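To convert, take the position in the sequence shown, counting from 1, and add 7; that gives our numbering.
Every residue gets a Cβ at the ideal spot worked out from N, C-alpha and C, and that includes glycine.
All of these numbers come straight from a predicted model, not from anything done at the bench.
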Amino acid sequence: MSFTLDVAAELGIPDVLFWTTSACGFMGYAQYRRLIEKGLTPLKDKSYLTNGHLDTIIDWIPGMKGIRLRDLPSFIATTDPDDVMLNFPMVEAETAQRASAVILNTFDALEHEVLEGLSTIYPSICSIGPLQLLIPGEV
């Protein structure tokens, strides 16, 4: 949560944000504002859920060649411009640019291109996953 950034700035200490999402999911949140600016979301009406609009290819997201609108985090599939689940992750991802670093639950070999794309937006991107492998007895 980005509220820690203000506290860290006030105290003059670094702030590292941890997101449990994948690099692709985080990149999706980071692109929400641009999707809104391009008129791709919020949806004009509910027919856009089934009329092929979600199959629109998004060709400008770094590290995510050929991704469709439907492949991004599902919060974009709203008709409400004030939807908290559209706006909250967008603002959090934008605010994360002020962090000393952002840690994601992934590993480089899995999402290398997306991590490279994120490194052009954020000062320091770190991958430490998959975290579920740290749970004793879990596979």
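- When DSSP states are grouped into helix, strand and coil, Ser134 belongs to the strand group.
- A residue is called buried when at least 16 other Cβ atoms come within 10 angstroms of its Cβ; Glu118 meets this threshold and is buried.
- Contact annotation: Ile110 and Val23 have beta-carbon atoms nearer than 8 Å.
- Where Ile110 is concerned, the enclosing beta strand (DSSP E) starts and stops at Ala108 to Leu111.
- Secondary structure note for Phe33: its alpha helix (DSSP H) is the uninterrupted segment Ala30 to Ala37.
- Taken in chain order, the complete alpha helix (DSSP H) segments of 4 or more residues contained in the segment 69-131 are 91-102 and 115-125.
- Within its own chain, the residues whose Cβ lies closer than 6 Å to the Cβ of Thr48, once the five positions on either side in sequence are excluded, are Leu42 and Ile83, listed in chain order.
- Three or more Cβ pairs drawn from the segment 71-81 and the segment 30-40 lie within less than 8 Å of each other, which places the two stretches in contact.
- The C-beta separation of Ala108 from Pro137 comes to about 19 Å, leaving the pair out of contact by the 8 Å criterion.
- Ile65 has Ile74 as its beta-bridge partners, per DSSP.
- C-alpha of Leu18 to C-alpha of Thr11: approximately 11 Å in a straight line.
- Rounded to whole angstroms, Tyr55 and Thr63 show a C-alpha spacing of 11 Å.
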